[in-house]
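Notes follow the structure.
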Amino acid sequence: MASSRTTDRANHSNKAAQMRPGPMPNKLADVIGFICRLGIGSVFVYSGWAKASDPIQFLKLLRQYDLVSHPLLQTAIAGLLPWLELFCGALLILGLAVRGTALLTTTLLVPFTIVVAAHAIHLQRLSGLPICAIRFDCGCGTGEVNVCAKILENAGMILGCALLALGGLGRLLALKYTLIQSK
Amino acid sequence: MLKLGLKLVVKEALVVGGVGLLFAYLGNMLSPMGLKLGRNYFPEAVASDPYVQALVAARAAGVSNATEQLIYAVTNRLVQKGLRWIRIDEFTRNYTENLARQAIGQLVIVDARNQSRFAAGHIPGAHLFDHYRFEQYLDPVLPACMNAECIVIYCDGGGCEDSEFAAQILRELGVPAEKMRILIEGFEQWQARGLPIEQIIQTRQHK
Numbered sequence: 004m005a006s007s008r009t010t011d012r013a014n015h016s017n018k019a020a021q022m023r024p025g026p027m028p029n030k031l032a033d034v035i036g037f038i039c040r041l042g043i044g045s046v047f048v049y050s051g052w053a054k055a056s057d058p059i060q061f062l063k064l065l066r067q068y069d070l071v072s073h074p075l076l077q078t079a080i081a082g083l084l085p086w087l088e089l090f091c092g093a094l095l096i097l098g099l100a101v102r103g104t105a106l107l108t109t110t111l112l113v114p115f116t117i118v119v120a121a122h123a124i125h126l127q128r129l130s131g132l133p134i135c136a137i138r139f140d141c142g143c144g145t146g147e148v149n150v151c152a153k154i155l156e157n158a159g160m161i162l163g164c165a166l167l168a169l170g171g172l173g174r175l176l177a178l179k180y181t182l183i184q185s186k
Numbered sequence: 090m091l092k093l094g095l096k097l098v099v100k101e102a103l104v105v106g107g108v109g110l111l112f113a114y115l116g117n118m119l120s121p122m123g124l125k126l127g128r129n130y131f132p133e134a135v136a137s138d139p140y141v142q143a144l145v146a147a148r149a150a151g152v153s154n155a156t157e158q159l160i161y162a163v164t165n166r167l168v169q170k171g172l173r174w175i176r177i178d179e180f181t182r183n184y185t186e187n188l189a190r191q192a193i194g195q196l197v198i199v200d201a202r203n204q205s206r207f208a209a210g211h212i213p214g215a216h217l218f219d220h221y222r223f224e225q226y227l228d229p230v231l232p233a234c235m236n237a238e239c240i241v242i243y244c245d246g247g248g249c250e251d252s253e254f255a256a257q258i259l260r261e262l263g264v265p266a267e268k269m270r271i272l273i274e275g276f277e278q279w280q281a282r283g284l285p286i287e288q289i290i291q292t293r294q295h296k
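Protein sequence lines correspond, in order, to chains A and B. Per our numbering, the very first residue in the first sequence carries number 4; after that it's consecutive. Per our numbering, the very first residue in the second sequence carries number 90; after that it's consecutive.
Spelled out as structure tokens, the structure:
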């Protein structure tokens, strides 16, 4: 009986350890995580709202990128993606399901950044301009941007999302950091 | 333990994604600016030309003779679409005569941009025809186009395609293609030359 109690305690301790997503962050990490949440969340809310307010402009840009040839798929992306961005941005700012939302925003940011870079390289080959002189509307809701600055900005946001999703940061003032608990 | 943590994060991401897509669907449906998800907004479109985009970028960066190359590329595109064009010099050469023809409905000018750009400034007497929401503009525009001898359609310029899409829709609705001309340089050049502009100014009501 004593040994089964010891086993039970060990099991409970293991389960408790499994429920924790990682070691508790220190104060600096708390602040960094909070800044990442607010910063990335704000960018996504602004960008999503700007595109949702003028989805036609976003649709035109999607067509220029020529990623998706099917016109109905273009329409679906242009109609839905801005609102999804807005949703993710709001969740990050409020601190709801932070890690899952950060992982989702990473899956949005990474291919988008690759597309922007590929489009810039394509324009550079056709125009002969230096790549960091290339400016175009990337569909971010901010009009024309310098492509190098945009890629750097996105790389920073991807890093921030990785810290939130994988590093367990961003708990400070979060409404509900984790929605799904392990059993 | 790390794998279990990652599994939970992925699961959470899927839940957020699912709820987010539902939110997105509702947002698009309820928004007055929302798109009709089953609609093809670019009927009969040729693929967007990256060469034209490169020339637009070159022009923006101040590369010399990019403008003329861009105009040449745009005229090639118009030929592919079976559309005719007019240069701004030719259009403004007989400006007074054009005004008279406009007044009696022989000449119709169509602005293929959106409501906000139209309100900010347009060619005097132009009819707005935003082809992305063309149903709203059919009543005033279609009869005018059917009765006109010549229809000049413009958008911003600089390689924009909206005037071409507008022309294609009007063609589908029965407006003869030979009546229509795309103003290649667009409103950008019209404004740059200091030509007359009309605006729609919202007036506040004072109590």
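Here a beta-carbon is modelled for each residue, glycine too, at the ideal position from N, C-alpha and C.
Residues of its chain near residue i, where Cβ-Cβ distance is below 7 Å and the 5 sequence neighbours each way are ignored
i, result
"Ala-255 of chain B", "Val-199, Ala-201, Phe-218, His-220, Ile-242"
"Gly-246 of chain B", "Glu-274, Gly-275, Phe-276, Glu-277, Gln-278"
"Gly-140 of chain A", "Reading off the sequence shown, one finds Asp at residue 140 of chain A, where the question assumed Gly. The answer, listed in chain order, is Leu-64, Gly-146, Glu-147."
"Ile-160 of chain B", "Ile-273"
Neighbour flag for residue i against chain B, beta carbons, 9 Å
i, result
"Gly-173 of chain A", "no"
"Leu-41 of chain A", "no"
"Thr-2 of chain A", "With chain A represented from 4 up to 186, any question about residue 2 of chain A goes unanswered, as that position is not in the structure."
"Gly-98 of chain A", "no"
"Ala-55 of chain A", "yes"
DSSP bridge partner residues for residue i (one or two, in chain order)
i, result
"His-216 of chain B", "B:Val-199"
"His-211 of chain B", "B:Glu-287"
"Cys-151 of chain A", "Cys-151 of chain A pairs with nothing; no bridge assigned."
"Arg-74 of chain B", "The first residue shown for chain B is 90 and the last is 296, placing residue 74 of chain B beyond what the model contains."
"Lys-179 of chain A", "A:Leu-99"
Sequence-distant residues of its chain with Cβ nearer than 6 Å to residue i (five each side left out)
i, result
"Met-27 of chain A", "Because Met-27 of chain A sits at a pLDDT of 49, beneath the cut-off of 50, its placement in the model cannot be relied upon, and the following sentence gives the value as read from the coordinates. Within the same chain, Met-27 of chain A has no close Cβ partners at all."
"Val-230 of chain B", "His-216, Phe-218"
"Phe-47 of chain A", "Glu-88, Cys-91, Gly-92"
"Cys-151 of chain A", "Cys-135"
"Glu-287 of chain B", "His-211, Pro-213"
"Thr-104 of chain A", "Cys-91, Leu-94, Leu-95"
"Asn-117 of chain B", "Gly-123"
"Leu-175 of chain A", "Asp-33, Phe-37"
"Trp-86 of chain A", "Ala-55"
Residue-chain proximity (residue i, chain A), Cβ-Cβ < 9 Å
i, result
"Ser-120 of chain B", "yes"
"Arg-182 of chain B", "no"
"Tyr-114 of chain B", "yes"
"Leu-284 of chain B", "no"
"Arg-166 of chain B", "no"
"Glu-101 of chain B", "yes"
"Tyr-130 of chain B", "yes"
"Leu-110 of chain B", "yes"
"Tyr-161 of chain B", "no"
"Val-199 of chain B", "no"
"Lys-170 of chain B", "no"
Own chain residues within Cβ distance below 8 Å of residue i, not counting five before or after
i, result
"Ile-177 of chain B", "Leu-272, Ile-273, Glu-274, Gln-278, Trp-279, Arg-282"
"Ile-161 of chain A", "Thr-109, Leu-112, Val-113, Thr-116"
"Ser-126 of chain A", "The question names Ser, but residue 126 of chain A in the sequence shown is Leu. Same-chain partners within the cutoff: Leu-132, Ile-137, Phe-139."
Spatially closest choice to residue i from the options, by CA coordinates
i, options, result
"Ala-266 of chain B", "B:Ala-208, B:Tyr-184, B:Arg-173", "B:Arg-173"
"Lys-100 of chain B", "A:Arg-102, A:Leu-76, A:Ala-55, A:Gly-36", "A:Arg-102"
"Leu-182 of chain A", "A:Pro-85, A:Gly-36, A:Ala-123, A:Ala-100", "A:Ala-100"
"Glu-224 of chain B", "B:Ile-193, B:Leu-119, B:Ile-258, B:Val-105", "B:Ile-258"
"Gly-51 of chain A", "B:Glu-186, B:Tyr-226, B:Gly-109, B:Val-163", "B:Gly-109"
"Gly-159 of chain A", "A:Arg-40, A:Phe-61, A:Asn-29", "A:Arg-40"
"Lys-30 of chain A", "A:Gln-184, A:Leu-62, A:Gly-173", "A:Gly-173"
Distance cut-off 8 Å: residue i Cβ against heavy atoms of the ligand SAM
i, result
"Ile-38 of chain A", "The ligand content of the structure shown is nil, which means the ligand SAM is not present either."
Any chance you could list the alpha helix (DSSP H) runs of at least 4 consecutive residues sitting entirely within the region 168-194 of chain B, in chain order?
With a minimum length of 4 residues, the continuous alpha helix (DSSP H) runs that stay inside the region 168-194 of chain B are 177-182, 184-192.
Run through the region 66-144 of chain A for me and flag every whole beta strand (DSSP E) of 3 or more residues, listed as ranges in chain order.
138-140
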